[in-house]
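Colleague:
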Amino acid sequence: MARIALVTGGMGGLGEAICIKLAALDYLVITTYSPSSTKGPAWLEAMAQQGYNFRAYPCDVASYESAQECIAQIEKDVRPVDVLVNNAGITRDTTFKKMDKTDWDAVIRTNLDSVFNMTKPVCDGMTERGWGRIINISSVNGQKGAFGQTNYSAAKAGMHGFTKALALEVARKGVTVNTISPGYIGTKMVMAIPAEVLDSKIIPQIPMGRLGKPEEVAGLVAYLASDEAAFVTGANIAINGGQHMY
Ligand code: NDP
2 MARIALVTGG MGGLGEAICI KLAALDYLVI TTYSPSSTKG PAWLEAMAQQ GYNFRAYPCD
62 VASYESAQEC IAQIEKDVRP VDVLVNNAGI TRDTTFKKMD KTDWDAVIRT NLDSVFNMTK
122 PVCDGMTERG WGRIINISSV NGQKGAFGQT NYSAAKAGMH GFTKALALEV ARKGVTVNTI
182 SPGYIGTKMV MAIPAEVLDS KIIPQIPMGR LGKPEEVAGL VAYLASDEAA FVTGANIAIN
242 GGQHMY
């Protein structure tokens with residue numbers, strides 16, 4: 002029977018590539034979209050035309066109640082989740098001097114609280130069944146900090162603390178918990194940066210001299226989701242073209 006992979010924010014740049022990769026590996030792929038978003042049906046239709054029959058559920062990952070309802074509905078309609086990819090995220094960049102509480106709360110809730118909200122309703126089931134994968138999409142900026150991103154850097158760094166602590170708790174139950182920290186990946190979010198800024202400021206920071214591809218991150222997700230990765234847990238795997246090494 003196909004394993005169920007739930008990818009939050011699967012309609013975004015990285016999430017879509019992750020959904021496609023996991024579908025190619027015969028996972029039954031489910032994604033979430035913000036309840037306020039209008040793109041769900043159109044995205045599903047576009048994917049169906051490419052041969053991908055994804056399921057999608059509305060879910061505000063920043064809300065514990067919404068996450069619980071979403072997981073309960075998936076378990077009712079399909080089966081329990083085997084692989085959870087906590088990918089949904091936002092930025093609200095500004096210097097700390099200008100950052101207000103709303104910018105802080107939105108980013109912490111969407112990027113960090115979401116990891117608790119989504120993992121909580123699936124984790125016990127994974128440990129009871131003796132198999133599970135939790136994969137958290139963090140960022141190089143959670144490893145090294147970034148100007149104008151105190152909120153985002155804090156949230157993304159927090160994801161890895163969560164990863165390490167939960168990995169310890171479930172290590173003997175067949176469940177692995179890992180973080181992926183991408184550098185600059187050529188999604189719409191990054192391609193919206195003016196070309197001259199990309200060329201003069203961003204690409205020069207990357208020893209490989211190019212942006213990453215969403216498919217490269219998706220390949221790493223697929224590996225961590227696989228049986229072959231059973232001994233990898235509590236890891237933070239950088240995928241950044243050499244931009245930050247430690
Ligand atoms: P996108 O903006 O393309 O996608 C983000 C996704 O998150 C969207 O599908 C969005 O759904 C969803 N989302 C946002 N808020 C919520 C919410 N409250 N509830 C449910 N879903 C929500 O970004 P990327 O694909 O580029 O990024 C994906 C992840 O990778 C993020 O966590 C990001 O921080 C991280 N990352 C990205 C990098 C890059 O270079 N692109 C680099 C390092 C990390 P909707 O549109 O329906 O709101």
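Taking our numbering, I'd label the letters of the sequence shown as residues 2 to 247. In this text, a Cβ means the ideal position worked out from N, Cα and C, and glycines have one as well. Quantities reported herein were computed from a predicted structural model and do not represent experimental measurements.
What three-state label does DSSP hand P208 in the structure shown?
Modeller: coil
Colleague: So is A168 buried or exposed if we call it buried at 16+ other beta carbons inside 10 Å?
Modeller: buried
Colleague: Select from A239, T234 and V222 the residue whose C-alpha is nearest the C-alpha of L26.
Modeller: V222
Colleague: Answer yes if the region 37-45 comes into contact with the region 230-240, meaning at least three C-beta pairs across the two stretches below 8 Å, and no otherwise.
Modeller: Judged by Cβ distances under 8 Å, the region 230-240 makes no contact with the region 37-45, as fewer than three pairs qualify.
Colleague: Can you name the start and end residues of the alpha helix (DSSP H) that N152 belongs to?
Modeller: Unbroken alpha helix (DSSP H) run through N152: T151 to V171.
Colleague: Between A63 and ligand 1, is the CB less than 6 Å from at least one heavy atom?
Modeller: yes
Colleague: If you draw a straight line from the C-alpha of P215 to the C-alpha of M190, how long is it?
Modeller: 12 Å
Colleague: Leaving aside the five residues before and after G12 along the sequence, list all residues of the same chain whose C-beta is less than 8 Å from its C-beta, in chain order.
Modeller: The sequence as given places Met at residue 12; Gly does not occur at that position. For M12, where only same-chain residues beyond five positions count, the Cβ hits under 8 Å are T32, Y34, S38, K40, G41, W44 and A57.
Colleague: Does D61 pass the burial test, meaning 16 or more other C-beta atoms within 10 Å, or should it be called exposed?
Modeller: Of the residues assessed, D61 falls on the buried side of the cut-off, its CB having 16 or more other CB atoms within 10 angstroms.
Colleague: Helix, strand or coil, according to DSSP, for G133 in the structure here?
Modeller: strand
Colleague: In the region 27-86, which residue ranges form an unbroken beta strand (DSSP E) of at least 3 residues, counting only runs that do not cross its ends?
Modeller: 29-34 and 56-59
Colleague: From D94 to E217, what does the alpha carbon distance come to, in whole angstroms?
Modeller: 25 Å
Colleague: Less than 6 Å between C-beta atoms, sequence neighbours within five positions excluded: which residues of the same chain meet that for Q150?
Modeller: D94 and N142
Colleague: Straight-line CA distance for F117 to Q144?
Modeller: 20 Å
Colleague: Which of the three DSSP states is assigned to T120 in this structure?
Modeller: helix
Colleague: Where does V178 fall in DSSP's three states?
Modeller: strand
Colleague: Spatial neighbours of A259 within its chain, please: C-beta separation below 6 Å, excluding the five flanking residues on both sides.
Modeller: What the structure shows of the chain is the stretch from 2 to 247, and residue 259 is not part of that stretch, so it cannot be assessed.
Colleague: Quick one: Cα of A155 to Cα of G16, how far?
Modeller: C-alpha separation (whole angstroms): 22 Å.
Colleague: Cα-Cα, which of G220, I203 and S139 is closest to T180?
Modeller: S139
Colleague: Could you give the distance in angstroms between the alpha-carbon of D228 and the alpha-carbon of K102?
Modeller: 42 Å
Colleague: Should N54 be labelled buried (16 or more other beta-carbon atoms within 10 Å of its own) or exposed?
Modeller: exposed
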